[in-house]
Each structure stands twice: as C-alpha cells, then as structure tokens.
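Top to bottom, those sequences are chains A and B. For my numbering, count along the first sequence from 1 and bump the result up by 12. For my numbering, count along the second sequence from 1 and bump the result up by 675. Report on the structure given below.
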Amino acid sequence: MAKREYSFYPGCSSQKGASSSNYLVSVQTMCDELDIQLNEIPDWNCCAASVGYAGGGELPRLALSARNMALSEQHNPGQQMVATCAACWLATRETQERLHEDQGLLAEANQALAEGGLKLKNETPIKHMCEVLVEDVGYDAIQSKVKKPLEGIKIAGYVGCQTNRPFGISGESYENPKYLDKLVETLGGDSLPGYEKKVQCCGGALAFSEPEKSQEMIKGIIEAAYDHGADMIVTPCPVCQMNVEVYQDQINATYGTKFKMPVVYYSTLMSVAFGRSAKEAALEGQVIPAKKLEALAK
Amino acid sequence: MSEINQSMVERYRNSFLKEVEANVEEGEWVKMCMQCGVCSGSCPLGTFWDHPPQEIFMMIRAGKRDAVLESDSMWMCTSCYNCIVRCPRGLPITHIMHGLAHYAKRLGIAPKNQPTAKFGQLFWDNLMKKGRVNELKLGLSLYFMNGFSEGVKTSLKMKDIGLGMLKTKRMNPMEILGGHAVKDAAGLQKIIKKAQELEDARIAQHGAK
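Set out below in structure tokens:
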C-alpha cells in the first residue's frame with residue numbers, strides 16, 4: 013500500500029491528559045497499520061466547537077479555523093487536512109464553506125490573519141478521518157489488515173450528530189448512515205443495523221450545562237443498545253464517546269437502570285482487530301472496560 | 676438598556692426582521708421559512724424550548740423583538756444539525772439560532788442565568804487564554820459558575836466521574852498549573868482582536884442612525 017499523507021488537526025480533547033487522549037492513541041495505531049502518515053499542523057488552535065458562539069461572533073470564530081487552515085497550507089502544502097474530532101471537522105469545514113461563499117468575509121478573515129503574519133487561500137479539502145477510511149483507504153484494504161476478527165462481538169454503531177450532519181460521509185444518508193455498521197462487519201464483528209438510536213443527539217456540550225435533559229437522551233442511546241443485545245457501542249465522536257460512557261452511574265442512580273455498556277472508538281476496534289496490543293488500542297482509556305476486546309487483545 | 680441595544684431599537688423601530696437580516700449570522704434566511712414545523716419536530720430538546728425554531732421565525736416577522744431576544748430557547752440548541760438537514764427550504768437553522776443567541780448576548784439582553792449561555796462564555800474565555808481548551812479549568816469553572824457553595828456540591832456529585840477520567844489518564848490535575856497552549860498565543864490573540872474589531876465596526880455601522 014502506498015503511503016498516504018495528511019495534514020492533521022488533532023484538536024484540544026486529543027491532547028495528553030485530555031478527555032479523548034485515548035482516541036488519538038488508537039488513531040495513531042490504526043494509521044500505522046494502514047500506512048497513513050499524519051503530519052500534525054504546527055501550533056494549531058481550538059476551533060471554538062459548538063458552544064463558542066456564546067462568546068465569539070461569526071468572524072472571530074471563523075478566524076480561529078482560518079488560522080488552522082492557513083497554517084496547514086503553509087506547513088503541509090498540497091496535503092488534505094484531516095480531523096478526528098467531529099466538532100473540529102465541522103467547524104473547519106463550515107469555515108471553509110462560509111469563506112468560499114462570501115468573498116467579503118474571506119477578505120476580512122485575511123485582514124485578521126495578517127495580524128499574525130498568515131494568509132489563507134482556502135483551497136485545502138477538509139476531511140474527517142472516517143472519510144479517509146471509507147473513501148480513500150476503502151473497506152477491502154481495511155479487511156486485508158484484520159488479524160483478529162471481532163467474531164461474536166455485537167456492536168451498536170452510534171454515529172451521533174456532528175460526524176453525520178450537516179456534512180456527513182459521502183454517499184450516506186442523514187437518517188440512516190451505514191458506514192459504521194459496514195466497518196464493524198469488515199472487522200468481523202456483528203453489526204446491529206436495526207439500532208434505532210444511531211443518529212440520536214447525546215446533548216453534546218449541553219451535557220455539561222443541561223445534565224438532566226442530556227442524560228435522559230443518553231439513557232435512550234444506551235437502552236436501545238441493550239435492547240439489541242449489544243456488547244458495546246462504537247462511535248466516531250469524542251463528545252459522544254464521553255457523554256455516553258461516563259454518565260452511566262449517574263443515569264443508573266436517577267433511573268434505577270443497571271447500565272455498564274462500554275463505548276469505544278472505531279479506531280480502538282480497528283487496532284484490536286489488526287492484532288495490536290491493548291495499550292496500542294488504548295483499551296486502558298475505557299472508564300467502562302471493554303472486556304471482550306481486552307480478551308482478544310491479549 | 677445598553678447603548679448598542681438602544682441604537683438598534685431606534686434604527687429598526689418598525690422592522691425586527693430587517694434588524695435580524697442585517698445583524699444576525701445567516702439572518703437573511705429568516706424570511707424563507709414556510710412554517711412547516713419540521714425543525715421544531717426534529718429538535719432533540721425542542722420540548723423544553725419556550726419557542727421552537729418555527730415559532731421564532733414567525734415571531735421575528737411579527738416584530739416580537741424582546742420575546743425572541745430575551746428567550747432562553749435558542750440557548751438550548753445542542754448543535755445536532757437535525758433541523759438543517761431536514762429543512763425543506765434548506766435554511767441554516769442551527770446557525771441562525773446560534774446567531775440570535777449571540778446577538779442577544781452582544782446587546783446585553785440574553786437571559787441572565789441561562790446555564791448554556793454561561794457555560795458557552797466560560798468556554799470561549801477559556802480557549803482565548805491559551806488558544807486551546809483547558810478541560811480541567813473549564814470543568815471547575817463550570818461547577819463553580821453559580822457560586823462557591825453550589826460549586827462544592829456539584830464537585831462532590833461529579834467526583835466519581837472525575838476519578839474515572841483521572842484513572843484512565845483522560846484528565847490531568849497538572850493542567851491547573853498552565854496546561855496545553857499554542858506557542859504563538861500572542862499572534863492568535865492579535866488575529867482574534869482584529870476579527871472582533873472588524874465585526875464590531877460592521878455592526879456599529881448598522882446601528883448608526
């Protein structure tokens with residue numbers, strides 16, 4: 013396989029000691045197996061995520077992503093930009109579109125960037141890692157790397173919101189995207205195509221500010237996975253992963269449920285299926301251990 | 676009443692719709708709404724909104740300025756983007772909701788104790804300091820955003836979640852001492868300051884008589 017290179021935007025939550033540092037570890041393992049080289053954008057900054065609008069107006073928020081894109085153009089020229097975090101990807105792509113449609117805004121963004129000695133051409137394609145897997149690498153190439161099929165493991169594919177809307181993965185529908193299920197099957201696991209909460213909102217950032225309302229939605233996401241006999245949930249989004257995994261004890265206390273459902277990243281599944289160690293798959297990052305994957309990774 | 680709010684009221688006395696079109700992010704789309712209600716039905720927290728998006732759009736056209744801008748409805752947007760992809764007219768509804776919320780905040784008339792408005796501001800202030808979010812400080816500032824005694828209560832309630840994150844190395848107590856940062860924080864702040872100035876100038880111009 014020829015080596016693929018991308019300009020990589022890892023995002024705040026992926027940093028060491030941050031909430032999705034385990035995602036980054038497993039992504040690096042997965043990319044290593046698939047001959048993907050990730051060239052980190054030097055000195056990247058936060059994208060302002062979803063709730064940044066409260067403090068930041070349109071142009072300041074666009075300027076944040078514009079800085080990342082300008083740094084990518086400057087340091088990793090000719091490389092497509094890839095993000096692993098749903099919010100990072102969304103904010104960057106939104107910025108690209110907005111600045112593409114409104115040349116006045118692009119001019120203003122460049123006026124702002126000039127203060128930091130930067131300039132944006134706005135020509136670099138922005139991809140989510142799942143697009144890289146599905147569109148660039150492809151299921152066949154992924155399958156050829158599987159050494160330990162996830163046999164007999166039932167996995168609910170929870171796509172969530174921001175990896176799916178408003179952009180989504182090419183060729184997939186907003187209401188019933190199938191790539192996560194296809195990926196599970198490719199890795200030899202049992203997908204649960206009838207899992208009806210696959211695009212249900214988990215509350216996103218409002219899990220912090222509106223915990224009761226969000227946890228009620230999260231409860232539905234986990235309950236449906238149990239209804240389908242799932243051993244675990246898989247997701248491509250750091251916010252989904254954290255929200256659905258870490259509040260289960262609080263939900264149990266509120267609703268009298270007995271949830272203990274592991275929630276893993278697709279990259280963790282892939283790292284295990286590719287025969288890599290528990291550490292390389294970042295299984296130690298699970299607050300609720302994914303025991304079936306641990307057993308396989310030994 | 677803040678000066679900018681006063682000048683907007685005077686300038687757009689007869690048309691809140693025109694005010695929204697000129698000053699709210701993606702506000703020029705509001706008039707395209709055909710009142711089908713798909714957005715309201717698709718909103719995950721819609722049942723908690725005083726006025727779901729469809730209603731907000733009609734209220735804007737009906738000139739219900741205070742009722743819209745002082746509402747905490749838009750602040751309950753989870754940014755799930757269901758409304759955007761389902762809107763038969765393709766209105767960027769999520770962005771309009773964010774835009775209305777931000778505009779209300781800019782005018783100083785957003786609801787005072789709205790938790791997401793407060794958290795969102797904390798988030799922005801947090802990322803502006805070093806160019807990257809410091810999750811530990813953000814979490815603590817969230818727990819203590821309603822004062823010390825409530826902060827202690829919330830912290831105790833969240834203790835087990837914190838321990839879980841600590842054990843799995845997804846939280847680092849040392850972040851309190853500084854934490855991750857962009858190297859060129861000064862350059863980044865200059866860029867954002869300039870962007871802020873450009874945007875303020877545009878909006879001040881709209882407010883001018």
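All C-beta atoms in this analysis are idealised placements derived from N, C-alpha and C, irrespective of residue type, glycine included.
- Could you list which residues in chain A have their beta carbon closer than 7 Å to that of lysine 780 (chain B), in chain order? Here residue 780 (chain B) refers to the residue found at position 105 when the second sequence is read from its first residue. Ala66, listed in chain order.
- Message: For lysine 805 (chain B), count the other beta carbons within 10 Å of its own beta carbon; 16 or more makes it buried, fewer makes it exposed. Which is it?
- Response: In the second sequence, counting from the first residue as 1, residue 805 (chain B) sits at position 130. Buried, since its Cβ has 16 or more Cβ neighbours within 10 Å.
- Item | 7 Å Cβ shell around threonine 753 (chain B) - same chain, five flanking residues per side excluded | Sequence index remark: in the second sequence, residue 753 (chain B) carries index 78 (1-based). The residues are Pro719 and Leu720.
- Message: Just verifying my parser: in three-state terms, what is the DSSP assignment at glycine 169 (chain A)?
- Response: In the first sequence, residue 169 (chain A) corresponds to position 157, counting from 1. Correct three-state label for glycine 169 (chain A): strand.
- Query: Quick one, which of B:Pro763, B:Lys868, B:Cys714 and B:Asp835 has its alpha-carbon nearest glutamine 123 (chain A)'s?
  - Reply: Position 111 of the first sequence, counted from the first residue, corresponds to residue 123 (chain A). Nearest option by C-alpha distance: B:Lys868.
- Query: In the structure shown, what three-state DSSP assignment does aspartate 114 (chain A) receive?
  - Reply: For the purposes of this step, residue 114 (chain A) is taken as the residue at position 102 of the first sequence. Note: aspartate 114 (chain A) maps to coil in three-state DSSP.
- Message: If you reduce the DSSP assignment to three classes, tell me which class methionine 141 (chain A) lands in.
- Response: The sequence position of residue 141 (chain A) within the first sequence is 129, counting from 1. Methionine 141 (chain A): helix per DSSP, three-state reduction.
- Query: When you compare only the Cα positions, how much space is there between lysine 225 (chain A) and proline 137 (chain A)?
  - Reply: For the purposes of this step, residue 225 (chain A) is taken as residue 213 along the first sequence, with counting starting at 1. For the purposes of this step, residue 137 (chain A) is taken as residue 125 along the first sequence, with counting starting at 1. In a straight line, the C-alpha of lysine 225 (chain A) is about 36 Å away from that of proline 137 (chain A).
- Query: If we count the other Cβ atoms within 10 Å of its Cβ and call it buried at 16 or more, is isoleucine 851 (chain B) buried or exposed?
  - Reply: Taking the first residue of the second sequence as position 1, residue 851 (chain B) is located at position 176. Result: exposed.
- Rounded to a whole number of angstroms, what is the C-alpha to C-alpha distance between threonine 107 (chain A) and alanine 307 (chain A)? Position 95 of the first sequence, counting from 1, holds the residue named residue 107 (chain A). Position 295 of the first sequence, counting from 1, holds the residue named residue 307 (chain A). Looking at the two C-alpha atoms, the distance is approximately 43 Å.
- Query: How close, in whole Å, do the beta carbons of alanine 121 (chain A) and leucine 46 (chain A) come, if the pair is a contact with beta carbons under 8 Å?
  - Reply: As a working mapping, residue 121 (chain A) is identified with position 109 in the first sequence. As a working mapping, residue 46 (chain A) is identified with position 34 in the first sequence. The Cβ separation is near 34 Å, so there is no contact.
- Tell me, please, which residues DSSP counts as bridged to isoleucine 48 (chain A). On the first sequence, residue 48 (chain A) is found 36 positions in, with the first residue counted as 1. Paired residues: A:Arg16.
- Item | Residues sharing a beta bridge with methionine 707 (chain B), DSSP | Taking the first residue of the second sequence as position 1, residue 707 (chain B) is located at position 32. According to DSSP, methionine 707 (chain B) bridges with nothing at all.
- Task: Just the C-alpha distance for glutamate 685 (chain B) and alanine 66 (chain A), rounded to the nearest angstrom, thanks.
- Result: Locating residue 685 (chain B) in the second sequence gives position 10, counting from the first residue. Locating residue 66 (chain A) in the first sequence gives position 54, counting from the first residue. Cα-Cα distance, rounded: 25 Å.
- Query: Applying a beta-carbon distance threshold of less than 9 Å, which residues of chain B neighbour aspartate 114 (chain A)?
  - Reply: Taking the first sequence and counting its residues from 1, the one referred to as residue 114 (chain A) is at position 102. Those do not exist, as aspartate 114 (chain A) stays about 11 Å from chain B at its closest Cβ, beyond 9 Å.
- Going by Cα to Cα distance, which pick from B:Met803, B:Ala856 and B:Leu873 is closest to glutamine 864 (chain B)? Taking the first residue of the second sequence as position 1, residue 864 (chain B) is located at position 189. For the residues B:Met803, B:Ala856 and B:Leu873, the minimum Cα distance to glutamine 864 (chain B) belongs to B:Met803.
- Item | Members of the region 77-98 of chain A near chain B, C-beta cut-off 9 Å | Ala78 and Arg79
- Item | C-alpha gap between tyrosine 191 (chain A) and arginine 845 (chain B), whole angstroms | As a position in the first sequence, residue 191 (chain A) is number 179, starting the count at 1. As a position in the second sequence, residue 845 (chain B) is number 170, starting the count at 1. Approximately 28 Å, taken between the alpha carbons.
- Is valine 827 (chain B) helix, strand or coil by DSSP? If you number the second sequence from 1, residue 827 (chain B) lands on position 152. Residue state, collapsed to three classes: helix.
- Item | Residue-level contact to chain A via CB, proline 728 (chain B), 8 Å cutoff | Numbered from its first residue, the second sequence carries residue 728 (chain B) at position 53. No, proline 728 (chain B) lies away from the interface with chain A (no Cβ there is under 8 Å from its Cβ).
- Item | Host beta strand (DSSP E) of isoleucine 245 (chain A) (start-end) | Here residue 245 (chain A) is taken as the residue at index 233 of the first sequence, counted from 1. 244-247 is the extent of the beta strand (DSSP E) around isoleucine 245 (chain A).
- Task: For methionine 676 (chain B), write down the residues that DSSP places opposite it in a beta bridge.
- Result: Walking along the second sequence from the start, residue 676 (chain B) turns up at place 1. Methionine 676 (chain B) pairs with nothing; no bridge assigned.
- Query: Does any C-beta atom of chain B lie closer than 8 Å to the C-beta of alanine 9 (chain A)?
  - Reply: As displayed, chain A neither begins before 13 nor continues past 310, which places residue 9 (chain A) out of reach and without an answer.
- 8 Å Cβ cutoff, methionine 880 (chain B) in contact with chain A: Within the second sequence, the letter at position 205 stands for residue 880 (chain B). For the record, residue 880 (chain B) in the displayed sequence is glutamine; it is not methionine. Answer no: the Cβ-Cβ gap between glutamine 880 (chain B) and chain A never drops below 8 Å.
- For alanine 82 (chain A), which option in A:Ala61, A:Ile245 and A:Ala126 has the closest C-alpha, if you only look at C-alpha atoms? By 1-based counting over the first sequence, the position of residue 82 (chain A) is 70. Comparing Cα-Cα distances from alanine 82 (chain A) to each of A:Ala61, A:Ile245 and A:Ala126, the minimum goes to A:Ala126.
- Query: Closest to cysteine 711 (chain B) by CA distance: which of B:Ile866, B:Met733, B:Phe723 and B:Trp724 is it?
  - Reply: Within the second sequence, numbered from 1, the residue matching residue 711 (chain B) stands at position 36. When the alpha-carbon of cysteine 711 (chain B) is set against those of B:Ile866, B:Met733, B:Phe723 and B:Trp724, the nearest one is in B:Met733.
- Establish whether the CB of glycine 712 (chain B) and some CB of chain A are separated by less than 8 Å. Start at 1 with the first residue of the second sequence, and residue 712 (chain B) comes out as number 37. Not an interface residue.
- Task: For glutamine 260 (chain A), count neighbouring C-beta atoms within 10 Å of its own C-beta (all shown protein chains included) and say buried if the count is 16 or more, exposed if not.
- Result: Translated into the one-based positions of the first sequence, residue 260 (chain A) becomes position 248. Looking at its Cβ environment, which holds 16 or more other Cβ atoms inside 10 Å, glutamine 260 (chain A) is buried.
- Query: In the region 815-832 of chain B, which residues sit with their C-beta less than 7 Å from some C-beta in chain A, listed in chain order?
  - Reply: Leu817
- Item | Neighbour flag for serine 203 (chain A) against chain B, beta carbons, 8 Å | Sequence index remark: in the first sequence, residue 203 (chain A) carries index 191 (1-based). Chain B, which has no Cβ nearer than 8 Å to the Cβ of serine 203 (chain A), makes this no.
- Pick helix, strand or coil for tyrosine 267 (chain A), following the three-state DSSP scheme. Here residue 267 (chain A) refers to the residue found at position 255 of the first sequence. Residue state, collapsed to three classes: helix.
- Within the same chain, show all residues whose beta-carbon is closer than 7 Å to that of arginine 110 (chain A), passing over the 5 residues directly before and after it, in chain order. Here the question's residue 110 (chain A) lines up with position 98 in the first sequence. Taken in chain order, the residues that qualify are Leu74 and Leu117.
- When you compare only the Cα positions, how much space is there between phenylalanine 798 (chain B) and proline 790 (chain B)? For the purposes of this step, residue 798 (chain B) is taken as the residue at position 123 of the second sequence. For the purposes of this step, residue 790 (chain B) is taken as the residue at position 115 of the second sequence. Near 12 Å, if we compare the C-alpha coordinates of proline 790 (chain B) and phenylalanine 798 (chain B).
- Task: Anything in chain A within Cβ reach of leucine 873 (chain B), meaning under 8 Å, just list it in chain order.
- Result: Position 198 of the second sequence holds residue 873 (chain B). The contacting residues are Leu71, Glu120, Gln123 and Ala124.
- Close beta carbons around cysteine 758 (chain B), own chain, < 7 Å, minus the five adjacent residues each side: Locating residue 758 (chain B) in the second sequence gives position 83, where the first residue counts as 1. If we look at cysteine 758 (chain B) and ignore the five residues flanking it on each side, its Cβ neighbours are Cys714, Ser717, Cys718, Pro728, Ile768 and Thr769.
- In the DSSP assignment, what residue or residues form a beta bridge with aspartate 202 (chain A)? Position 190 of the first sequence, counting from 1, holds the residue named residue 202 (chain A). DSSP output for aspartate 202 (chain A) lists A:Lys166 as bridge partner(s).
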